[in-house]
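Here is the structure we will look at, set down as structure tokens.
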Ligand SMILES: Cc1cc2nc3c(=O)[nH]c(=O)nc-3n(C[C@H](O)[C@H](O)[C@H](O)COP(=O)(O)O)c2cc1C
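In my numbering, the protein residues as written are 701 to 920.
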């Protein structure tokens, strides 16, 4: 195929699903994923850390630009650090929710009923803080950084949901305060904070309309 001495090849992994079973498997996966919602109210019920490890292992299988895998996950369960993160996030969110220049954005958030308070950041047993890695340990550059990290987080969320866990994709903005709290280098940039736990018994979600698959697809 190629004369490049740095290119080696192995057989592609087998991914075989019985043809008669493929529709059932795909439909079951869709139906399961359709029950995922962003959860903002958590119980303090403990979570098996192995579920977090498996979800990160799943995320780490994601394709990435030039195979750089430009992501780093910091799993936070220490109550002091969670409180520190909540304090930092609420400080930024207070400024955001009272900012005159964020009018259009705040209007878009109105149906969600969110405000500056972020109790999920201390109630959820785990926070997974995802960092974009702009340069690897030996200075190697990342390519298609946001696309790669976004795909990895999609797999992470799917795995956690499949294991019966609730999540929220949370983005205090700006998030640089997370580098200091979590001892990450300046070559990494916070991407998302994901509380992970079990939904509170009385948790509710906003009643918002979703586009149908037909709305978001063209077949040519
Ligand atoms: C990149 C991204 C950032 C988000 N940031 C926040 C956030 O900071 N706070 C929050 O409460 N929800 C946040 N959300 C959750 C969205 O509001 C939510 O996904 C959307 O309203 C659809 O609801 P659903 O996830 O329940 O289907 C974010 C979602 C994404 C994908």
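Glycine residues also receive a C-beta, built at the ideal position from the N, C-alpha and C atoms.
Select from the options the residue whose C-alpha is nearest the C-alpha of residue i.
i	options	result
residue 738	918, 912, 917, 905	905
residue 895	728, 713, 716, 752	752
residue 854	745, 797, 760, 710	760
residue 766	731, 869, 912, 848	848
residue 889	708, 839, 835	835
residue 840	769, 756, 733, 750	769
residue 819	860, 785, 917, 914	785
residue 740	897, 911, 802, 754	897
residue 828	860, 838, 799	860
residue 875	727, 732, 707, 787	787
residue 823	758, 799, 903	903
Would you kindly check if the distance between the Cβ of residue j and the Cβ of residue i is under 7 Å?
i	j	result
residue 720	residue 851	no
residue 900	residue 735	no
residue 830	residue 891	yes
residue 935	residue 792	With the chain covering 701 to 920 only, the question about residue 935 has no answer from this structure.
residue 870	residue 833	no
residue 773	residue 756	yes
residue 821	residue 863	no
residue 684	residue 725	The first residue shown for the chain is 701 and the last is 920, placing residue 684 beyond what the model contains.
residue 825	residue 908	no
Roughly how far, in whole angstroms, is the beta-carbon of residue i from the beta-carbon of residue j, given that I think they are within contact range, below 8 Å?
i	j	result
residue 747	residue 845	29 Å between Cβ atoms; not a contact.
residue 797	residue 816	5 Å
residue 867	residue 882	Residue 867 to residue 882, Cβ: 19 Å. No contact.
residue 775	residue 782	Actually they do not touch by this definition, with Cβ atoms about 11 Å apart.
Flag residue i as yes when its Cβ comes closer than 6 Å to any non-hydrogen atom of ligand 3, and as no otherwise.
i	result
residue 735	Among the ligands present in this structure, namely ligand 1, ligand 3 is not found.
What beta strand (DSSP E) runs, 3 residues minimum, are completely inside the segment 775-851?
Listed in chain order, the beta strand (DSSP E) runs fully inside the segment 775-851 are 826-833, counting runs of at least 3 residues.
Segments of 4+ residues assigned as alpha helix (DSSP H) that fall wholly inside the segment 848-902:
With a minimum length of 4 residues, the continuous alpha helix (DSSP H) runs that stay inside the segment 848-902 are 877-881.
Any beta strand (DSSP E) of 3 or more consecutive residues that is wholly inside the segment 720-786
Taking only runs of at least 3 residues, the beta strand (DSSP E) segments lying wholly in the segment 720-786 are 771-776.
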